[in-house]
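If you're matching positions, the sequence shown starts at 80 in our numbering and goes up one per residue. Glycine is no exception: its CB is placed at the ideal position from the N, C-alpha and C atoms. Being a predicted model, the structure only gives us computed values, none of them experimental.
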Amino acid sequence: MSPVFSQNDSAAPALERGLEILLLLADHPQGLAAHELAVLDLPRASLFRLLRVLRESGFVEQSERDARYRLGLKALTLGAAALRGLEVVREAKTHLQQVVEATRERAELALMDYPHLVIGDVMDIRLLPGLNAQRGTRVHNLHGMAHGKALLAWQPEIAARYIQEGHLHRLTEKTITDPDALRAELARIRERGYATDWGEHRLNVARVSAPVRGARGRVVAALGVAGPLFRIAPEKEAWLGALVRGAADDLSRHLGADRVSGTSPDKTSGRE
């Protein structure tokens, strides 16, 4: 983590290290043992002092069963408040509902938190096996899920960085792991205006997703439909693609975008 406080601020180092602990735990929802937190390279005494403060304040909890550290309810409350504060999340609900009503499947809004995804909102009418990502869930890849590919396709500088940094890990036998294959896939996504994944992130689960643009025309989110592969099937791609693209474009206009779907990548990128 790059320093974000003045060296003259005596509280800054402890705060910065505490944030490092929280960010690391956010990447490991299953929790981490104390020795696994050593990756932060903090003195042992400092680490346990910070953990005690975070635990007492409710930002970290320690399991009585396995002694692993996890994010506490205070951290979850902050995350939920941050999501609620994002305009795109507030304004997406009607458009997600329209997708649910049209498909009788799950609708999702996803945001980029490079090199991860965050599920900003979900709307569903039934509990679907294999679809356990809830609001605020971090997904630890961009290339395996249709949402991530929709976000990468219109942000070429971020896509190039993602590939260069070696993030193309295999998630299932269908995951795209070859850089040239992913570049070609992103070009196809720009051409048709939406992204797909047929079991690339999780076997037997499919998604179709389209980009959402903010007031300055930049891609700020992805809106899509998710469901079992036997219902969200490739033969329905054209219909589902048009549906989510239409919903994403409507949301983009609602956010004040001066342009919606198109083949041109963004010249700039970022969340609005």
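*Might you give, ordered along the chain, the residues of its own chain that have their beta carbon closer than 6 Å to the beta carbon of THR216, omitting 5 neighbours on each side?*
ILE198
*Going by the beta-carbon positions, is the gap between ALA326 and LEU188 smaller than 8 Å?*
no
*Is it a yes or a no for the stretch 217-224 touching the stretch 168-185, going by three-plus beta-carbon pairs under 8 Å?*
no
_Inter-residue spacing [alpha-carbon to alpha-carbon] between LYS253 and LEU116_ = 33 Å
*Do three or more CB pairs link the stretch 260-268 to the stretch 139-155 at distances below 8 Å?*
no
_TYR273 and VAL323 - do their beta-carbons sit closer together than 8 Å?_
yes
_So, under 8 Å CB-CB, HIS174 and LEU334 are touching, yes? Tell me the CB distance rounded to an integer number of Å._
At roughly 10 Å, the Cβ-Cβ gap does not stay under 8 Å, so HIS174 and LEU334 are not in contact.
*Beta-bridge pairing of ILE198 - partner residues as DSSP gives them*: ALA189
*asked:* Can you look up LEU111 in the DSSP assignment and give me helix, strand or coil?
replied: strand
*What residues in its chain sit with their C-beta under 8 Å from that of ALA171, if we drop five residues either side in the sequence?*
LEU188, GLY199, ASP200, VAL291, ALA300, LEU302, LEU330
*Short check: CB of ALA232 to CB of ARG286, under 8 Å?*
no
*Please name the residue, chosen from ASP328, PRO258, GLY110, that lies closest to SER288 on a Cα-to-Cα basis.*
ASP328
*For the stretch 238-258 against the stretch 119-137, are there 3 or more C-beta pairs whose distance is under 8 Å?*
no
*Can you give me the start and stop residues for the alpha helix (DSSP H) that THR182 sits inside?*
166-182
*What separation, rounded to the nearest whole angstrom, lies between the Cα atoms of VAL179 and PRO122?*
50 Å
*Just curious, the beta strand (DSSP E) that LEU126 is in, first and last residue?*
From DSSP, LEU126 is part of no beta strand (DSSP E) but of the alpha helix (DSSP H) over 123-135.
*What's the gap between the Cα of LEU165 and the Cα of ARG214?*
13 Å
*Please report the Cβ distance between LEU230 and VAL168, rounded to the nearest whole angstrom; I am assuming they are in contact, meaning their Cβ atoms lie under 8 Å.*
15 Å between Cβ atoms; not a contact.
*Please report how far the alpha carbon of ARG271 lies from the alpha carbon of ALA112, in whole angstroms.*
46 Å
*Quick one: measure Cβ to Cβ for LEU250 and GLY223, integer angstroms, because I've assumed they're closer than 8 Å.*
4 Å
*Got a sec? Which residues, its chain only, sit under 6 Å from HIS246 by beta carbon, not counting five neighbours each side?*
PRO194
*Taking ALA105 as the reference, give the member of ASP192, HIS226, MET202 with the closest Cα.*
ASP192
*Take LEU282 and list the residues in its own chain whose beta-carbon comes closer than 6 Å to its own, dropping the five residues that flank it on each side.*
THR251
*Work out the CA separation of LEU102 and VAL132 for me, nearest whole Å.*
16 Å
_Quick check: PRO313 and TRP277, are their CB atoms within less than 8 Å of each other?_
yes
*Among ASP259, ARG149, LYS315, TYR148, nearest to THR275 - alpha-carbon criterion*: LYS315
_Of the residues ASP337, GLN243, GLY110, ALA317, the one placed nearest GLY151, counting alpha carbons only_ = GLY110
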